[in-house]
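Q: Residue numbers (our numbering), protein chains in the order written: chain A, -16 to 622; chain B, -16 to 622.
Idealized CB from N, CA, C, for every residue including glycine.
All figures in this text were calculated on a predicted structure; none of them were measured in a lab.
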């Protein structure tokens, strides 16, 4: 698949954008007119720079408001077009995007439109330019891609084809199956964009909220499947208008963008496999997938577009460990001990400690997390996977930056890479019994067996910088096979916290990404003021809490008003309610089950949670999150 | 008018919110349930604190999803309600907000609803509680305020009335005139919220985008006029769900909120005056205003709600001066000189210089704008007003923080206050001939007469911190009588810039508020990385540019690609195009006229613009703004 990206997706100057695209590995780019107009580079310089960087210049875009106009305006539009065609010759570009008219269209006649597009195609032919006509979702008369294609067919000129843009098609919920019937030589260009499903006017949605494939909710693999089956083999190019991407670091966003296309390529291949034509001759196009996505696909390679695949991984089998980093580890050691964790000593060659409770493992890394701060932060997460090497190969093909760990002979080498928020992610060889072989590198040199307590890591909650939230969702989706769930918004004293749960299907891994209020990020960065935590699941929370209490644990103090409200909402048995209040436990209930949990006080920017899931309760006590935020805020401002 | 505010509008803890409301001068508050539940304060403590702060506790809110339910659920809801009624007794509160059911409603019968609301009213009566029933805009069966009111009338119980919320009414575009026919004793509460007109689902719109009155586009004065005519005299209380307000400083947001109610009170009185009942007996309710808003209103004072008025001001007559502050003034002096400004010497007692060109006056204040920065910033703006004292009295009644300036005997005392972005605003005695008497305090002691050049300040462009953008719009609207225009969004290399023009009707004052991309605010605050400017209008821009060129002015260099595009768009005469390019002039044209302009290089965070308006051109060359941003960005990153 030839990969492309429109310069409008990225921040910076045209030169910076082109360099970032080359570094990220794109095959080509679309040049957004404004990026050229505002650039000090002459068209010839742009052409040379692209050639030097190994980038093709795939599409000049866009030419607006051409069709459906009066005679006078047509003449002016053709004059304007010819100037752009001459410019394109200097750039060495041969394809221009022409959008259906949204502003100056005044005559609703397909015959007239075909005639006017025919004039344009004729002139384009004289300049060696191909016109890719696209139906904008809010086009005045042409807003449906099939309509645009009918016009192209009516004109029947070799220099006129269509541009298919997934946003304009899927935002209007047009059926994508008819694409398959398009003649491939009439599809001049394909643009892909994802988006969250929002209920707002389509223009605002398009201009501000597009995201890279895999970061939204559109069925892009299916869209691409139909495009591939139509026989298209040209560039698949990103055109993402996103307020945040326009502000974020250009090289980093380009990598995020490239990752999304690599992932889309794989997902498209899987869709084609799962929807392969029946060997008997009838096709299953548009039918449901087979579920596994692993069906043999004798037919796929027949298509002109080559789709590369990635090393295949299953979702992680579980948490292997969580690592907290701190120059001053005393506070952490105290809390973990009070929670019931046992110290398993220090590593034989590294400055790290291992603490365990049941199958929950916490590593304390005795290194300052960053210059000038000794306070603990969550620094790394270890996941159990079938094959760390295959999973790491996949992650690296998805452009995850590798984080090698120094290790001595006879020590397990973790495959690691950095998540968008800079948390280090390690891929570990899982074991069916929940133990970890590497633990023998600690203390007395014996592998650590699970202690009496039956704890596991239930979930980890990480704060995400506002510029990298969407990137993080795609990162964990594509590299780690976690599935994003619908997001929640939780009020806190400093603003709403957007909370995005990422899950494995069997719930053995639950990762919560929190987008903290901007005001907490503005001041000192999210890691400093927004608290993150690790939650452990136990069988009997009341007993665990009593044991923790006896060991002197400082619980997060829950206000009495909360328990009154709990009683009003749930009508709990008085004894049970009294126990909850006595132990500072929080409670939630839904149709599936019950949830009990408590929080520790915060150490640095880290705190811990203990949870008990009763029945099929699958949430995180979201109704209680505002209480937690308020008490933590109050505590921080009092101390 | 009794003023109120819901605690959910503000950031912080319940205690912090209550204190901020008292400081801002509110009469009472609504307590949002979550603020109480998450608070360590016992209900009795809240009651005492409110009494100590002089705040009444006007409304406990909200009770959700009560009506239209099955028998079982009704019993549970009544049980839940009774717990809240008991809580309210401890708080000393007598009114609870009950919202129409959005979630658990399953039976669509007005008879059943009336029966269930009747049960609730009966129980409320037993506890001395009044139930204010409100139709949510997205209520499952009840979404229209008249429907809610019909239910209240059907129940006919002294403890059941309606709550009118402007958002739920105006977001659905319900007619507000029928409110007048409501019996005042059945209107238990009135909530006001403004909002920008957005095309999105009403729930998201309501939960994230509400703003304080005067910061959005709803016809709130008319809504309030009908409420007042109905005879309502209870609290008028703000209930604003806004993602930004939830994050911003609590005391500051409370003042912004209070300002909005003071302004709304005045606007409501004006609406009533303009729509006063005909003395002959027939009423003009709902009719158009008289235009001046100054009609004598013999009838207004008959209404139970007392509406206070503010000192009345006309819009400013023009710019008096702009002040730039810098510890190192050499760069500024050089640029102003090259632009054609004359130095009029230093002030006789202060460390400030006066520079003039025609009627454009720039003061250079030789003081560091802030610790650690010597670079120039725009520090103050002076406006010509009819009466500085009346205008200042109005601004201070609108809670604008006063900025007194030290002055010696025989020096003009400017009335000044601080705008939300901390720019100092001074109100000056205008003179019909555009001169300023205070200029004799400079140099030789003679009043400065306009020099040969016919320049005036055309507009000033200020960067606004993201937390205070809406506040700024209301500030200039209410205190300075500027009118907000529809906003524009301009792409820049670091993101979209939201540009909000504030105007006087005669265009003698044009102030542009720019919301810079967050990334520019994150790093060092908007004043440091986002550039602001002062634009001067002249009669002949080409001649002015040539003169500036001969004086060695460093123009902002416009790329050649821009002129090619200009030619493609407008087909300009070759000579004229060549002149534009030679002089680095920018050009725009619309149906009303033409616009020529150029920019200087940046000094500190300030640059200057020269403009020529031809015909009725009323804009700011918005199509050229991306070029300006890109060149400035490029320059900043090269230097």
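DSSP state of residue 254 (chain A), grouped into three classes?
A: Within the first chain, the letter at position 271 stands for residue 254 (chain A). If DSSP states are grouped into helix, strand and coil, residue 254 (chain A) belongs with the helices.
Q: Can we say the stretch 159 to 176 of chain B touches the stretch 210 to 223 of chain B, given the rule of at least three CB pairs closer than 8 Å?
A: Taking 8 Å as the limit for Cβ pairs, the verdict is that the stretch 210 to 223 of chain B does touch the stretch 159 to 176 of chain B.
Q: Using 8 Å as the threshold, is the C-beta distance between residue 171 (chain B) and residue 113 (chain B) below it?
A: For the purposes of this step, residue 171 (chain B) is identified with residue 188 of the second chain, where counting begins at 1. For the purposes of this step, residue 113 (chain B) is identified with residue 130 of the second chain, where counting begins at 1. Yes, the Cβ-Cβ distance between residue 171 (chain B) and residue 113 (chain B) is below 8 Å.
Q: Could you give the first and the last residue of the continuous alpha helix (DSSP H) run that contains residue 546 (chain A)?
A: Translated into positions along the first chain, residue 546 (chain A) becomes position 563. Run containing residue 546 (chain A): 543 to 553, per the alpha helix (DSSP H) assignment.
Q: Count the CB pairs spanning the stretch 424 to 432 of chain A and the stretch 205 to 218 of chain A that are closer than 8 Å, and state whether there are at least three.
A: At 8 Å Cβ cutoff, the stretches do not touch.
Q: If I'm right that residue 477 (chain B) touches residue -6 (chain A) with Cβ under 8 Å, what's the distance once you round it to whole angstroms?
A: The sequence position of residue 477 (chain B) within the second chain is 494, counting from 1. The sequence position of residue -6 (chain A) within the first chain is 11, counting from 1. 6 Å between Cβ atoms; contact.
Q: Quick one, which of A:582, A:566, A:601, A:106 has its alpha-carbon nearest residue 574 (chain A)'s?
A: Translated into positions along the first chain, residue 574 (chain A) becomes position 591. Checked all of A:582, A:566, A:601, A:106; the closest Cα to residue 574 (chain A) is A:601.
Q: Does any C-beta atom of chain A lie closer than 8 Å to the C-beta of residue 444 (chain B)?
A: Locating residue 444 (chain B) in the second chain gives position 461, counting from the first residue. It does not: the Cβ of residue 444 (chain B) has no partner Cβ on chain A nearer than 8 Å.
Q: Would you say residue 479 (chain B) faces chain A, with C-beta separation under 8 Å as the test?
A: On the second chain, residue 479 (chain B) is found 496 positions in, with the first residue counted as 1. Cβ-Cβ to chain A under 8 Å: yes for residue 479 (chain B).
Q: Identify the continuous alpha helix (DSSP H) that holds residue 148 (chain B) and give its terminal residues.
A: In the second chain, counting from the first residue as 1, residue 148 (chain B) sits at position 165. Taken as a continuous stretch (DSSP letters only), residue 148 (chain B) belongs to no alpha helix (DSSP H), being part of the beta strand (DSSP E) at 143 to 148.
Q: On the DSSP bridge assignment, give the partners of residue 515 (chain B) in chain order.
A: Residue 515 (chain B) sits at position 532 when you count from the first residue of the second chain. According to DSSP, which records beta bridges pairwise, residue 515 (chain B) is partnered with B:589.
Q: Do residue 368 (chain A) and residue 300 (chain A) count as a contact pair if the criterion is CB distance below 8 Å?
A: As a working mapping, residue 300 (chain A) is identified with position 317 in the first chain. As a working mapping, residue 368 (chain A) is identified with position 385 in the first chain. Cβ atoms of residue 300 (chain A) and residue 368 (chain A): closer than 8 Å.
Q: Would residue 0 (chain A) and residue 28 (chain A) be called neighbours here (beta carbons separated by less than 8 Å)?
A: Here residue 0 (chain A) corresponds to residue number 17 of the first chain, with the count starting at 1. Here residue 28 (chain A) corresponds to residue number 45 of the first chain, with the count starting at 1. Their beta carbons are not under 8 Å apart, which means residue 0 (chain A) does not touch residue 28 (chain A) by this criterion.
Q: Under DSSP, the beta strand (DSSP E) around residue 165 (chain B) begins and ends at which residues?
A: Stepping through the second chain from its first residue, residue 165 (chain B) is reached at position 182. No beta strand (DSSP E) contains residue 165 (chain B), which DSSP labels as neither H nor E.
Q: What residues from chain A crowd round residue -4 (chain B), counting only those whose CB sits closer than 9 Å?
A: Here residue -4 (chain B) refers to the residue found at position 13 when the second chain is read from its first residue. Per Cβ cutoff of 9 Å: 476, 613, 616, 617, 620.
Q: For residue 110 (chain A), which option in A:245, A:70, A:16, A:338 has the closest C-alpha, if you only look at C-alpha atoms?
A: If you number the first chain from 1, residue 110 (chain A) lands on position 127. It is A:70 whose Cα lies nearest to the Cα of residue 110 (chain A).
Q: Between the stretch 343 to 353 of chain A and the stretch 302 to 320 of chain A, do at least 3 Cβ pairs fall closer than 8 Å?
A: Short answer: they touch.
Q: Are residue 492 (chain B) and residue 465 (chain B) touching if we call contact CB-CB under 8 Å?
A: Here residue 492 (chain B) corresponds to residue number 509 of the second chain, with the count starting at 1. Here residue 465 (chain B) corresponds to residue number 482 of the second chain, with the count starting at 1. For residue 492 (chain B) and residue 465 (chain B), yes; Cβs fall inside 8 Å.
Q: Compare the C-beta of residue -12 (chain A) against all C-beta atoms of chain B and say whether one is closer than 8 Å.
A: Within the first chain, residue -12 (chain A) is the residue found at index 5, counting from 1. False, the Cβ-Cβ gap to chain B never drops below 8 Å.
Q: Closer than 7 Å by C-beta to residue 607 (chain B): which residues in its own chain qualify, once you throw out the five before and the five after it? Chain order, please.
A: As a first step, residue 607 (chain B) must be located in the second chain, where it is residue number 624. Once the five neighbours on either side are set aside, the close Cβ partners of residue 607 (chain B) are 569, 571.
Q: DSSP state of residue 332 (chain B), grouped into three classes?
A: By 1-based counting over the second chain, the position of residue 332 (chain B) is 349. Three-state result, residue 332 (chain B): coil.
Q: Answer yes or no: do residue 610 (chain B) and residue 517 (chain B) have a C-beta to C-beta separation smaller than 8 Å?
A: As a working note, residue 610 (chain B) is residue 627 in the second chain. As a working note, residue 517 (chain B) is residue 534 in the second chain. It is not a contact, given that the beta carbons lie outside the stated cut-off.
Q: Any beta-carbon of chain A closer than 8 Å to the one on residue 333 (chain B)?
A: Here residue 333 (chain B) corresponds to residue number 350 of the second chain, with the count starting at 1. By this cut-off, residue 333 (chain B) is not an interface position.
Q: How would you list, in chain order, the residues of chain B whose beta-carbon sits under 8 Å from the beta-carbon of residue 554 (chain A)?
A: In the first chain, counting from the first residue as 1, residue 554 (chain A) sits at position 571. Under the 8 Å cutoff, chain B gives 59, 62.
Q: Less than 8 Å between the CB atoms is what I'm expecting for residue 135 (chain A) and residue 143 (chain A), so what's the real figure, rounded?
A: Indexing the first chain from 1 puts residue 135 (chain A) at position 152. Indexing the first chain from 1 puts residue 143 (chain A) at position 160. Residue 135 (chain A) to residue 143 (chain A), Cβ: 5 Å. Contact.
Q: Got a sec: is the Cβ-Cβ distance from residue 547 (chain B) to anything in chain A below 8 Å?
A: Counting from one through the second chain, the residue named residue 547 (chain B) turns up at place 564. Residue 547 (chain B) counts as touching chain A.
Q: Smallest Cα separation from residue 198 (chain B): which of B:86, B:604, B:468?
A: Position 215 of the second chain, counting from 1, holds the residue named residue 198 (chain B). That would be B:468, whose Cα lies nearest to the Cα of residue 198 (chain B).
Q: Can you find the residues in the same chain that come closer than 7 Å, C-beta to C-beta, to residue 5 (chain A), ignoring five residues on each side of it along the sequence?
A: Within the first chain, the letter at position 22 stands for residue 5 (chain A). Excluding residues within five positions, the ones whose Cβ falls inside 7 Å are 36, 37, 38.
Q: Any residues in the stretch 65 to 89 of chain B with a beta carbon nearer than 8 Å to a beta carbon of chain A? Which ones, in chain order?
A: Residues passing the 8 Å Cβ filter: 66, 67, 70.
Q: Starting from residue 362 (chain A), follow the alpha helix (DSSP H) in both directions and report where the run begins and ends.
A: For this step, residue 362 (chain A) is matched to residue 379 along the first chain. Premise fails: residue 362 (chain A) lies in the beta strand (DSSP E), 360 to 368, not in any alpha helix (DSSP H).
Q: For residue 52 (chain B) versus residue 100 (chain B), is the C-beta distance shorter than 8 Å?
A: Mapped onto the second chain, residue 52 (chain B) falls at position 69. Mapped onto the second chain, residue 100 (chain B) falls at position 117. Going by C-beta atoms, residue 52 (chain B) is not nearer than 8 Å to residue 100 (chain B).
Q: So with CB distances below 9 Å, who are the chain A contacts of residue 543 (chain B)?
A: Within the second chain, numbered from 1, the residue matching residue 543 (chain B) stands at position 560. The answer, in chain order, is 23, 25.
Q: Using a beta-carbon distance below 8 Å, is residue 1 (chain A) in contact with chain B?
A: Stepping through the first chain from its first residue, residue 1 (chain A) is reached at position 18. So no, residue 1 (chain A) is outside the interface.
Q: Going by DSSP in three states, residue 615 (chain A) sits in which element: helix, strand or coil?
A: Reading the first chain from its first residue, position 632 is the one you call residue 615 (chain A). Note: residue 615 (chain A) maps to helix in three-state DSSP.
Q: Can you tell me where the alpha helix (DSSP H) with residue 531 (chain B) in it begins and where it stops?
A: Within the second chain, the letter at position 548 stands for residue 531 (chain B). Its alpha helix (DSSP H) spans residues 524 to 533.
Q: If contact means a Cβ-Cβ distance below 8 Å, which residues of the stretch 177 to 188 of chain B contact chain C?
A: Among the protein chains of the structure shown, namely A and B, there is no chain C.
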